[in-house]
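Protein chains in written order, with our numbering: chain B, 8 to 329; chain E, 212 to 723. One structure below.
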Amino acid sequence: MFFSSPFKLRKKGIMGMNQRNSGYVGRYNPRRLYPLVDNKLKTKIIAREANVTTPALLGVISMQAEVEKVASFIENTPGFVIKPAKGSGGKGILVITKIENGRYYKPNGNEETLAEIKRHVTDILAGLFSLGGSADVAVVEGLIQFDSAFDGFSFEGVPDVRVIVFKGFPVMAMMRLSTAASDGKANLHQGAVGVGIDIGTGKAINAVQFDMPVERHPDTGKELKLLNVPRWERLIYLAASCYEMSGMGYLGTDMVLDRDLGPMLLELNARPGLAIQIANGTGILPRLKLIESLKDADKMSVEERVAFAKKHFAETPLVEIA
Amino acid sequence: MNARIFFYTLVAGLFILGITQTIQRHMAFDIPWMPGETRTVWNIDAKVEFDATDKAILASLTTPYTQAGFTQISQNAASPGYGLSFLYEDSHPQAQWTIRQADGPQTLYYNIQLLVDDESKDQAIDKMPELVETEYGGAGVAADLAASSDIIQDSLKTSADAFSFTRELLKQLNAEDPNQNVSLVLSGKATKTDVLMALLNEAKIPNKRIGALVLEDGRRRQHLQPLVQVFQEKDGEIESRLFNASTIKAVDRTNLLLWDQSGKALLELIGGVNSRVSFSMIQQDQPALAAILQKTDNEHLFNFSIHSLPIEDQSLFKGILMIPLGVLIVVIMRVLIGLKTSGTFMPVLIAMAFIQTSLVTGLIGFILLVAVGLFIRSYLSHLNLLLVSRISTVIIMVILLIALFGVLSYKLGLTEGLKITFFPMIILSWTIERMSVLWEEEGPKEVFTQGGGSLVVAVLAYFIMSNEMARHLMFNFIGLQFVVMSLVLILGSYTGYRLLELRRFKPLADKE
C-alpha cells in the first residue's frame, strides 16, 4: 500500500503537521516571543545573559554602508560563518572554512571572492532570506571547530544536534549530519542524514536519509550506529535551560559541539520539524502527553527536568511510558 | 473548553446562516439553483385600429396587471406621431394615446411581456363594484320582468350564496332544454353574458365584466373572451369568482390572462370610429435569472444585493466572489493533502489569470514566462545588485517578455497569445525571484516540487472557479460565502494527519 492508515500512525503516537501547529506550536509558543527565536542576534543576546554558550560573535552588519566592514571582521580568523539574523530553514548561511592568501574557500572547496561575500551580505540586508522578506541584519560568527568524535560522520559541514524541548523537558534528540546530497547543509529535507539520539546516553538509535532508514553514512561509509555524542550531559542541560531563557513551550534547540568550548547553542526554532520522529523511529506524542499530565512541571529545576527526561525517555527506559 | 464550544457554535452558526440565507433567497426571489434554467415569458401585442375623423384623438386601452400566474415584466407601445402615457384610471392601468389631429385609418400597437410566475397573486379586492341600476333594455335584455324574477326565484331556492346562485343561474341559462322563462330572456339580441349580468344585478349581487385572453403560442387576431366576476362578502372579506356565461363549468385559469379588469370598456376612443382591438401573442423561453431580475427590477425587492449595482461593477464582483472558493481549495490542499506551493495564495491569482486566458494558453504562457524569467534572472544574480532593484529589473523583464510574446504570437497569427497580458506581473516577478533563490539554495528538485504544487493547485482552483454552476451559485447566493467561511474555519481546527504525511511516516508506521 502506498499510504499507511492514519489509525496506525495515531496508535504509534506520531505527530502530524496540523497537530504540531495548532496543538503545540500555537498553544505553547506565545507569539510575542517569536522575535527572540526568529532573530539569531536576539537569541545570542538572551543566551549570553542566561550563561548559555554560543559561537563567538565577530561582528554585525546592519546597514548597506557597513558592508565594506565585513573585510575587517573576517581578518585573522581561521574561518567564519555569515548568516541572516532572521533567516529560516538554514537559508542564506555562508560558511567559509579555509582562508588562504586572501582567498576564501567553502567547505566543498569552491572559492568565494570577497565581492561575492559582500553581495551575500547585501542580499541578507535586503531581506532575501528573512521570513516575509523584511529587512535584516547579517551576523558574522566564528567558525566552530567541530569535535573529533564526529570525524567521518559528516561530509563538508558541521553536524548539529537538534533537541526538542517541551516545557523545559528534553523529549527527543537527533543528530543532523550533512552529506554531499545536502551540499554541506544540515537540513534533512535537503538530504542530510538524521540520527536519532538516545536522551539517556547520547548514543545513536536509528538513522534516516530522505525519510528512509540508512545504516552507513552515504559519503564516508561510516557506520552510524557507532555515533556517540560526547559531553551529552552538558548538552541536554544547556538545551533544557533554553526554556527559561526563551519562554517557548515547544522549542527546537540546535546545539553544536566545539572541540575546545564544548556544547553550545547555535539557534532556536519555534517550529521544529517532524522528521525527528522518523530519525528516532518512534512517535513523539506519548512523551509530550506525559509531560502535559505532570502537575508540578513548572516548579521543577533544570536538573530535575533533565533527570526526569533521562528516566522516562531513554532508549531502555527505567520507567515505561503508559 | 468553553472556547471550543464557542468556536463550534460560531462555525455552526455561520454554516446555518449561510444555508438559510441561500434557501430563503431561492424561495423568496425564485432564483434558480441551476444556471441554465429558463422561464416562460408571454409576449403579447394588442393592435388597436380605427378610422380617425380629422379631430383630436384620445384612445385609452385598458391593460393587464400582475395577477395570479403572471407577473408583468415590461410594457411599451409603438404609435408614430402620438403622445403616449401609461396611467392609472380608477386603479386600473391604461395606455393612453393622444394626438391633436389625425385622419384616415390608424393603427396603434401596445406590447406587454408577462412572466409565467406561480408565485404571483391576484390583487386584493378592496371594494365591491357598484350595482348597475339599469333599466331592462339598457343592456338589450328586453325581457319580461316577470320572467327574470321567476328565474331568480328558482335559483334562490336552490342556492346558498352568491356563487352557488350564479351557478344555478348558469344551469338554467345553459340547460339543453330551457324552460319558457329562460327562452324568453334569451330571445333578445343580448348575449348570455349580458343576460347573466342583468339577472345578477336584479338579484342585487355585485358583479363585473372581465375581458380575458386565452394564451396560445403563435396565435394572431385573437379577441377577448367575456367572463363575469361575481363578488360576495364573507366574514368582512370580499371574495370573488369567475364565471363563463356560456358554460356551467368552472373557469380554468391556466393560460388565461385577465386583460381587462376595469369593468368598463376595453377601449375608450374619442375622435375616431370603427375601432377594433385584436391580440397576437408568442411564448418565449428566457433565462430564468434575467426574467426574474427584470421582474424584481420593478418591485425594488433586490435593493440590498449585488444585483442593485451597475452592470460593470457586478461583473467585477462576479470575479471577486469566486476567490473564496479558490482559497478553500488552497486550504484543502495544504491542510488535508499537504501539498507545497510557492507563496500561499499565489495559486489563486494564477487561477484567476487562467480564467482570463483559458487554461491551455495560460499554462503554456506561465511556464514559458517563468522559464525564460529564471534563465535571465540567473544572469542577474551575478551582478551583485540590491534586492529591490533586482526585483524591479525582473518586473520590467517580465513586462518586456509579455510584450515580446504578445507581438510574436500575433505575427504568427496566434491571437490566443495576446491573452498573456492578463498575468499578474508583480506576482509573476516575485515567483521568478523566489524560485531562482530556491534553485540556488535547495536545487532544481525543490523548484519543481513547489512550482508543480502551485500549478496543480492553480489548475484545480481554475476548474472550480470557472465552473458555470459554481459561478452562478456564488454570485447569486451571498450566503454561500458564509458556508465557505465556516468550512475554512473548521479546516483550521483539523489536527489530523495530512495525506502526504501518511506516505511520509509510512516507514515509521511499518517499523516494529
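Quick reminder that beta carbons are idealized off the backbone N, C-alpha and C, glycines included. This one's a predicted model, so the numbers in the text were calculated from it and none came from an experiment.
Open item on the list: Suppose you measure from the CA of L666/E to the CA of I602/E; what does that come to, to the nearest Å?
Closed with: Near 22 Å, if we compare the C-alpha coordinates of I602/E and L666/E.
Task: Proximity test, Cβ basis, 8 Å: D130/B and chain E - done: yes
TODO: Answer yes if the stretch 250-263 of chain B comes into contact with the stretch 167-179 of chain B, meaning at least three C-beta pairs across the two stretches below 8 Å, and no otherwise.
DONE: yes
Task: Span of the alpha helix (DSSP H), counted from its first residue to its last, around Q284/B - done: 282-287
TODO: Give a yes or no on contact between the stretch 610-617 of chain E and the stretch 527-538 of chain E, applying the rule of three or more CB pairs nearer than 8 Å.
DONE: no
Task: R91/B - partner residues in DSSP beta bridges - done: The sequence shown places Pro at residue 91/B, rather than the Arg named in the question. Bridge partners of P91/B: A145/B.
Task: Contact with chain B by T465/E, beta-carbon distance below 8 Å - done: The beta carbon of T465/E does not come within 8 Å of any beta carbon belonging to chain B, so the residue lies off that interface.
Open item on the list: Does chain B have any CB closer than 8 Å to the CB of S697/E?
Closed with: no
Task: Buried or exposed by the 16-neighbour rule on C-beta atoms within 10 Å, applied to H593/E - done: Around the C-beta of H593/E, fewer than 16 other C-beta atoms lie within 10 Å, and the residue is accordingly described as exposed.
- [ ] List the endpoints of the continuous alpha helix (DSSP H) containing V303/E.
- [x] Per the sequence presented here, residue 303/E reads as His, with Val not at that position. No alpha helix (DSSP H) contains H303/E, which is instead part of the beta strand (DSSP E) from 303-328.
TODO: For V546/E, go through chain B and note every residue whose CB falls closer than 7 Å to its CB, in chain order.
DONE: N25
TODO: Would you kindly report the start and end of the unbroken beta strand (DSSP E) that includes G280/E?
DONE: First-last of the beta strand (DSSP E) with G280/E: 280-289.
- [ ] Compile a chain-ordered list of the residues in the stretch 8-21 of chain B whose CB is closer than 7 Å to at least one CB of chain E.
- [x] Going along the stretch 8-21 of chain B in chain order, one finds F9, F10, S11, P13, K15, L16, K19, I21 with a Cβ nearer than 7 Å to chain E.
Open item on the list: Looking at chain E, is there any beta carbon in it that lies within less than 8 Å of the beta carbon of L211/B?
Closed with: At residue 211/B the sequence reads Ala, which differs from the Leu that was named. No, its Cβ sits nowhere closer than 8 Å to a Cβ of chain E.
Task: Coil, strand or helix - P237/B by DSSP - done: P237/B falls in the coil class under three-state DSSP.
Open item on the list: Assess contact between the stretch 193-202 of chain B and the stretch 312-324 of chain B, defined as three or more Cβ pairs (one per stretch) separated by less than 8 Å. Is contact present?
Closed with: Taking 8 Å as the limit for Cβ pairs, the verdict is that the stretch 312-324 of chain B does not touch the stretch 193-202 of chain B.
Task: CB contact flag (T642/E, G554/E, <8 Å) - done: yes
Open item on the list: Assess contact between the stretch 32-50 of chain B and the stretch 708-716 of chain E, defined as three or more Cβ pairs (one per stretch) separated by less than 8 Å. Is contact present?
Closed with: no
Open item on the list: Please identify the residue among S271/E, I323/E, I362/E whose C-alpha is closest to the C-alpha of L407/E.
Closed with: When only C-alpha atoms are compared, the closest one is I362/E.
Task: the stretch 695-712 of chain E / the stretch 216-235 of chain E touching (three or more Cβ pairs under 8 Å) - done: Yes, since at least three Cβ pairs between the stretch 695-712 of chain E and the stretch 216-235 of chain E fall closer than 8 Å, the two stretches touch.
Open item on the list: Do T186/B and D226/B have their beta-carbon atoms positioned less than 8 Å apart in this structure?
Closed with: yes
TODO: Identify the continuous alpha helix (DSSP H) that holds T458/E and give its terminal residues.
DONE: That residue, T458/E, is in no alpha helix (DSSP H); it is neither H nor E in DSSP.
- [ ] Say whether chain B places a C-beta atom closer than 8 Å to the C-beta of F513/E.
- [x] Caution applies to F513/E, whose pLDDT of 49 falls short of 50 and renders its modelled position unreliable; the value that the coordinates give is listed next. Cβ-Cβ to chain B under 8 Å: no for F513/E.
TODO: Name the residue from F176/B, S137/B, I68/B whose alpha carbon lies nearest to the alpha carbon of K296/B.
DONE: Ranking the options by Cα distance to K296/B, first place goes to F176/B.
Open item on the list: If we require 4 or more residues per run, which alpha helix (DSSP H) segments fall completely within the stretch 663-687 of chain E?
Closed with: 679-687
Task: Alpha-carbon to alpha-carbon, K306/B and M252/B - done: The straight-line gap separating the alpha-carbon atoms of M252/B and K306/B is approximately 15 Å.
- [ ] List the residues of chain E that S29/B touches, going by C-beta distances under 7 Å, in chain order.
- [x] S704, T706
- [ ] State the Cα-Cα distance for the pair E330/E and V583/E, rounded to the nearest angstrom.
- [x] 60 Å
- [ ] Report yes or no: is there a C-beta of chain B within less than 8 Å of the C-beta of D333/E?
- [x] no
Open item on the list: My output table needs one value for F586/E: the three-state DSSP class, helix, strand or coil.
Closed with: helix
Open item on the list: Applying the 10 Å Cβ sphere with the 16-neighbour rule, what's the burial state of G294/E?
Closed with: exposed
Task: Closer than 8 Å to chain E by CB, E148/B - done: E148/B does not count as touching chain E.
Task: Test: R588/E CB closer than 8 Å to a CB of chain B - done: R588/E does not count as touching chain B.
- [ ] Determine, using beta carbons only, whether V668/E comes closer than 8 Å to chain B.
- [x] Closer than 8 Å: no.
Task: G663/E versus S451/E, M676/E, L550/E, A214/E, residue with shortest Cα-Cα distance - done: L550/E
Task: Bounding residues of the beta strand (DSSP E) (the contiguous stretch that carries G66/B) - done: 64-68
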